[in-house]
Amino acid sequence: QALTWPSPTPLPHGHVPRRIEVDLDYAGGRVAFRDGDSESEIFAFPPAAFAGERLRPLLWLGEGPALLTL
Numbered sequence: 001q002a003l004t005w006p007s008p009t010p011l012p013h014g015h016v017p018r019r020i021e022v023d024l025d026y027a028g029g030r031v032a033f034r035d036g037d038s039e040s041e042i043f044a045f046p047p048a049a050f051a052g053e054r055l056r057p058l059l060w061l062g063e064g065p066a067l068l069t070l
């Protein structure tokens with residue numbers, strides 16, 4: 001799920017990507033996630049004005065064993 005306000009947005013079920021790409025268009029105010037193999041978009045947040053703010057990633061892999069390589 002994507003952590004959106006006021007409630008989380010469910011993501012499509014089915015294929016679990018091996019790799020995930022994060023696309024940040026700071027000037028355009030866009031953050032999107034894509035399947036790293038197929039290049040298909042998984043989720044894009046609505047446009048936002050970052051107004052000079054510093055962005056920091058927060059990744060949560062859920063509960064249980066998981067592997068994350070950056």
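Counted the way full-length UniProt numbering counts, the sequence shown spans residues 1 to 70.
In this text, a Cβ means the ideal position worked out from N, Cα and C, and glycines have one as well.
All figures in this text were calculated on a predicted structure; none of them were measured in a lab.
Between which two residues does the beta strand (DSSP E) harbouring residue i extend?
| i | result |
| --- | --- |
| residue 41 | 41–44 |
What residues in its chain sit with their C-beta under 8 angstroms from that of residue i, if we drop five residues either side in the sequence?
| i | result |
| --- | --- |
| residue 36 | 17, 18, 19, 20 and 21 |
List the residues that DSSP assigns as beta-bridge partners of residue i.
| i | result |
| --- | --- |
| residue 34 | 21 and 41 |
| residue 2 | 9 |
Out of curiosity, what's the CA-to-CA distance linking residue i and residue j?
| i | j | result |
| --- | --- | --- |
| residue 30 | residue 65 | 30 angstroms |
| residue 23 | residue 46 | 13 angstroms |
| residue 50 | residue 38 | 29 angstroms |
| residue 40 | residue 52 | 29 angstroms |
| residue 25 | residue 34 | 14 angstroms |
Leaving out five residues on either side along the sequence, give the residues of the same chain with a beta carbon under 6 angstroms from the beta carbon of residue i.
| i | result |
| --- | --- |
| residue 44 | 32 |
Pop quiz: residue i and residue j are said to be a contact at Cβ under 8 angstroms. What is the actual Cβ separation, rounded to whole angstroms?
| i | j | result |
| --- | --- | --- |
| residue 11 | residue 42 | 6 angstroms |
| residue 67 | residue 59 | So it is not a contact: roughly 12 angstroms between Cβ atoms. |
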